[in-house]
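In our numbering, the protein residues as written are 14 to 435. Even for Gly, the Cβ is constructed at its ideal location relative to N, Cα and C. Note that the structure is predicted; figures quoted are calculated from it, not measured. These notes concern the structure reproduced below.
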Ligand code: LLP
């Protein structure tokens, strides 16, 4: 093994045979906080965020972090301090973004099923725009705003019917997906919106899918949004915000998507001098490779020809491999020269899909060894559950040689919260 081969990213380097998170040895973090624990690199988050900033420098823009990717308020606060906004999918995420210090006028609210309560919450707090996903929702927002004596700022999320070429469970911009307003219905719906009371038509939005290794479909979408912007301008509807959604992928294995900076620079070039604020809603590309899930081998076992390393993290902690068959690299925290052997890395949960990696080549594992599951910062903790009566893991933020707990490990008491015995 060479050191560069085995690093998850440059923010998680090997030093003297030990895996580090930035300037801190993961062994120290395991001793301090226990396992399983999500570990995040602050520098990695900030560099990705700043990549978007640099690429879009010179045009008005807002980088609205997709809170669904990771809703830890310490991380939201870190981003808030850089000027980030938030892309929200529920009232609960709005609450988290507020707690993280993101101002309401940098928040966008997408989602096909916003409830009346959530719409009221959004209007009340003064968010930048509600991204409307249907005619029925548009009419409901107008009614609600009217009843509140307020004006609701809206964008219409159009469904451009563009194939993002990603996992079928995370495409959102194909015409058979539930998301957005069909392309052909967008123009008449804008006309209707312009005539409805208590609405301010502010933007055009799209989000075609997540984890795109090739950005061509995203740029193609932007092209269509710009064309719609011109049409609406011709119809006397002045759009001020163009929201291209999220979707930029990261390297999980061998993929080589654009960096945030390279992608954003292409976006900037296409937007040119149009008098618009460009909005992006990245989640994964900011936080995905900034996090790992640190876990410990509990047992090693052999069934017939098959070797298993059972670790103390499970699919309740990181669901992506079980749900999407997603690949996450797995690296030993301590390097060894022993011959690598294929081993399945599995969790303790009573499901055969509780597998983090099959036939991974690793030096022979033994109980107590630490493993790092890579690219776990996005949709990791965010999708964690209490399944099998397991409490959710701790989260730790590393900055240089400093580290701090940003979420305590839950306890059994958390399993009881809100339960009613009689
Ligand atoms: N904006 C909207 C409206 C979205 O629905 C999403 C993600 C994003 C932005 C952020 O997309 P990103 O930049 O992270 O690709 N649980 C799945 C991912 C589901 C993504 C849902 N929407 C996974 O673990 O891969």
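| Query | Result |
| --- | --- |
| Kindly confirm or deny that the segment 175 to 193 and the segment 101 to 110 touch, where touching means at least three C-beta pairs closer than 8 angstroms. | no |
| Out of 248, 377, 322 and 29, which one is the CA nearest neighbour of residue 200? | 248 |
| Helix, strand or coil: which one does DSSP assign to residue 362? | coil |
| Could you name the residues that DSSP lists as bridge partners for residue 51? | 306 and 408 |
| Helix, strand or coil for residue 14? Go by DSSP, reduced to three states. | Confidence at residue 14 is low in this model, with a pLDDT of 41, below 50, so its placement is unreliable and no value can be given for it. |
| Counting pairs of beta carbons, one from the segment 38 to 47 and one from the segment 76 to 87, are three or more of them closer than 8 angstroms? | no |
| With burial defined as no fewer than 16 other Cβ atoms inside 10 Å of the residue's Cβ, what is the status of residue 55: buried or exposed? | buried |
| For residue 88, count neighbouring C-beta atoms within 10 Å of its own C-beta (all shown protein chains included) and say buried if the count is 16 or more, exposed if not. | buried |
| For residue 275 versus residue 71, is the C-beta spacing smaller than 9 angstroms? | no |
| Can you give me the C-alpha to C-alpha distance between residue 21 and residue 359, rounded to a whole angstrom? | 20 angstroms |
| In its own chain, which residues sit with a C-beta less than 7 angstroms from the C-beta of residue 202, not counting the 5 before and 5 after it? | 148, 151, 169 and 194 |
| Less than 9 angstroms between the beta carbons of residue 162 and residue 220, yes or no? | no |
| So, are the CB atoms of residue 242 and residue 328 less than 9 angstroms apart? | no |
| In three-state terms, what does DSSP make of residue 233? | helix |
| In terms of residues, what are the limits of the beta strand (DSSP E) holding residue 345? | 343 to 345 |
| For the structure I just gave you, are there three or more beta carbon pairs, one from the segment 379 to 392 and one from the segment 277 to 293, closer than 8 angstroms? | no |
| CB of residue 131 to nearest heavy atom of the ligand LLP: below 8 angstroms? | no |
| For residue 211, which option in 434, 153 and 354 has the closest C-alpha, if you only look at C-alpha atoms? | 153 |
| Classify residue 397 as buried or exposed, calling it buried when 16 or more other Cβ atoms lie within 10 Å of its own Cβ. | buried |
| Do we get a CB-CB distance below 9 angstroms when we pair residue 313 with the residues of chain C? | Looking for chain C here will not work: only one protein chain is present. |
| For the ligand LLP, any of its heavy atoms closer than 8 angstroms to the Cβ of residue 210? | no |
| May I have the straight-line CA-CA distance separating residue 442 from residue 36, to the nearest angstrom? | Missing from the structure shown is residue 442; the chain here goes from 14 to 435 and no further. |
| How big is the Cα-Cα spacing for residue 273 and residue 431? | 41 angstroms |
| Taking 8 angstroms as the cut-off, is the C-beta of residue 223 nearer than that to any heavy atom in the ligand LLP? | yes |
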